[in-house]
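Notes to accompany the following structure.
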Amino acid sequence: MQIFESIKSIQAFLSVKKQQGCSIGFVPTMGALHQGHLTLIERAKTDNDVVVCSIYVNPTQFNNTFDLEKYPRNVDRDKILLENAECDVLFYPSDEIMYPEGKDDSMKLDFGALDKVLEGEFRPGHFSGVGLILSKFFHIVSADSVYFGQKDLQQCSIVQKLIDTLFFDIQLVVVPTVREKSGLAMSSRNARLSNEGKEVAANLYETLMKVREMLQNGEDLNKAKQTGINSIKKYKEIQLEYLEVVDRKSFTQATGNTSKKEIAICVAAFIEGVRLIDNVLVFS
Ligand code: AMP
């Protein structure tokens with residue numbers, strides 16, 4: 240695997256590959272890799288000649304400095320995992336490379352209604368930071384396709400809007416969420432949970448599946464949602480931020496009869512001080 244830390248060096252390498260007619264698949268990550276990330280790499284490898292993974296903990300997408308400081312980092316282990324996954328290129332830039340303009344004074348992006356709800360509402364500025372760093376990466380890597388996990392479903396809509404609005408010539412591929420046996424969605428942040436915390440966290444997925452089943456059986460939307468909220472509130476270890484039933488693309492509240500609509504059930508909660516998110520689609 241080739242490892243690049245500067246923009247010039249990765250671009251020089253990739254321009255040769257492009258001249259040779261290679262297709263490029265790009266997998267942006269914040270490191271502390273797990274099977275969820277590796278599944279994105281696998282999919283990118285299936286679709287492309289060259290796979291580029293980036294590892295960069297992007298400061299502008301953290302609205303909480305404690306979360307940024309505590310974000311798990313283990314790049315030596317990540318490099319081994321990427322080598323084993325036969326990833327072709329790792330881009331591992333520093334803050335100075337990515338934000339020469341200074342990260343506190345960086346450009347802000349507004350995604351309209353899409354970044355005012357759910358993750359956008361509870362993490363002000365988060366999607367602005369996501370959009371900014373991805374715009375930079377898209378220009379640097381100039382890939383044919385970019386791979387994102389369904390686990391961050393709202394982020395996928397943000398990325399599609401970024402691509403459409405700024406005319407990026409790149410295809411978004413969304414890969415299903417990879418889970419632990421317990422159902423807990425894999426996440427780098429899970430490394431900060433105790434074993435008991437992980438057990439409790441599995442109830443988030445169980446609850447999502449319960450609400451999904453109710454909606455599939457034609458249950459009233461508000462009743463299904465309230466049942467989900469009540470079942471999470473039974474656990475004193477879980478501090479619920481939101482559980483919402485929404486349109487899977489616009490993330491506006493779903494209303495009325497949900498049958499045949501593209502609906503997602505999304506949850507965010509803190510366990511042992513760690514913020515976790517998850518979602519399931521109702522009809523998929
Ligand atoms: P992160 O390093 O958390 O920023 O995630 C990098 C990419 O991996 C994003 O596209 C995430 O949606 C994706 N990802 C994270 N966890 C999972 C998972 N459990 N299953 C599938 N994709 C995931």
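Residue numbers (the numbering used here): 240 to 523. Using N, Cα and C, we set each Cβ at its ideal position, and we do this for glycine too.
query                                                                                                                                                                 : result
Report the residue ranges of all beta strand (DSSP E) runs contained in full by the stretch 355-394; include only those spanning at least 3 residues, in chain order. : 384-388
Near Ile372, which residues of its chain fall below 6 angstroms by C-beta distance, leaving aside the five closest residues on each side in sequence?                 : Asn297
Compare the Cα-Cα distances from Asn456 to each of Thr446, Leu405, Val521 and report the closest residue.                                                             : Val521
Rounded to whole angstroms, how far is the Cβ of Ile263 from the Cβ of Asp383, which I believe are closer than 8 angstroms?                                           : 5 angstroms
Do you know offhand how far Leu320's Cα is from Leu272's?                                                                                                             : 8 angstroms
Do Phe265 and Ser396 have their CB atoms nearer than 8 angstroms?                                                                                                     : no
At a threshold of 7 angstroms, does Ser426 count as lining the ligand AMP (C-beta to nearest heavy atom)?                                                             : yes
Secondary structure at Asn442, three-state DSSP: helix, strand or coil?                                                                                               : helix
At which residues does the alpha helix (DSSP H) containing Ala463 begin and terminate?                                                                                : 460-472
By DSSP's criteria, Tyr481 is part of a beta bridge. Which residues make up the other side?                                                                           : Ala507
By Cβ distance, which residues of its chain are closer than 7 angstroms to Val417, with the 5 residues on each side in sequence left out?                             : Gln274, Gly275, Thr278, Met425
Any heavy atom of the ligand ATP closer than 7 angstroms to the CB of Asp391?                                                                                         : This structure simply doesn't include the ligand ATP; it includes the ligand AMP instead.
Need the endpoints of the beta strand (DSSP E) that Val314 sits in, please.                                                                                           : Taken as a continuous stretch (DSSP letters only), Val314 belongs to no beta strand (DSSP E), being part of the alpha helix (DSSP H) at 314-323.
Grab me the residues of Ile249's own chain with a C-beta within less than 6 angstroms of its C-beta, minus the 5 sequence neighbours each way, in chain order.        : Phe243, Phe330
If you compare alpha carbons, which of Ile402, Ala440, Ala503 is closest to Glu511?                                                                                   : Ala440
Exposed or buried, Pro267, counting other C-beta atoms within 10 Å across all chains shown (16 or more means buried)?                                                 : buried
Regarding Phe252 and the ligand AMP, is the C-beta to nearest heavy atom distance less than 7 angstroms?                                                              : no
Of the residues Pro311, Val398, Met269, which one's Cα is nearest the Cα of Val413?                                                                                   : Val398
Could you tell me which whole beta strand (DSSP E) segments of length 3 or greater appear in the stretch 240-320?                                                     : 241-243, 263-268, 289-294
From Val328, Tyr474, Thr497, pick the residue whose C-alpha is nearest to that of Val533; which is it?                                                                : Residue numbering for the chain in the displayed model covers 240 to 523; residue 533 lies beyond these limits and cannot be assessed.
How about Arg451 and Ile516: do their beta carbons lie closer than 8 angstroms?                                                                                       : no
Determine the direct distance from the alpha carbon of Cys261 to that of Tyr481, and round the result to whole angstroms.                                             : 43 angstroms
Please state the DSSP three-state secondary structure of Arg487.                                                                                                      : coil
How many whole angstroms separate the CB atoms of Gln394 and Phe387, which I take to be in contact at a CB cut-off of 8 angstroms?                                    : 7 angstroms
Under 6 angstroms Cβ to Cβ from Val356, same chain only, skipping five residues before and after it: list those, please.                                              : Phe490
Taking all protein chains shown into account, decide if Met346 is buried (16 or more other Cβ within 10 angstroms of its Cβ) or exposed.                              : exposed
Does Asp408 come out as helix, strand or coil in the three-state DSSP assignment?                                                                                     : coil
Mind checking whether the beta-carbon of Thr299 lies closer than 7 angstroms to any heavy atom of the ligand AMP?                                                     : no
Using the rule of at least 16 other Cβ atoms within 10 Å of the residue's Cβ for burial, across every protein chain shown, is Gln410 buried or exposed?               : exposed
Applying the criterion that 16 or more other CB atoms from any shown protein chain within 10 Å of the CB defines a buried residue, is Leu405 buried or exposed?       : exposed
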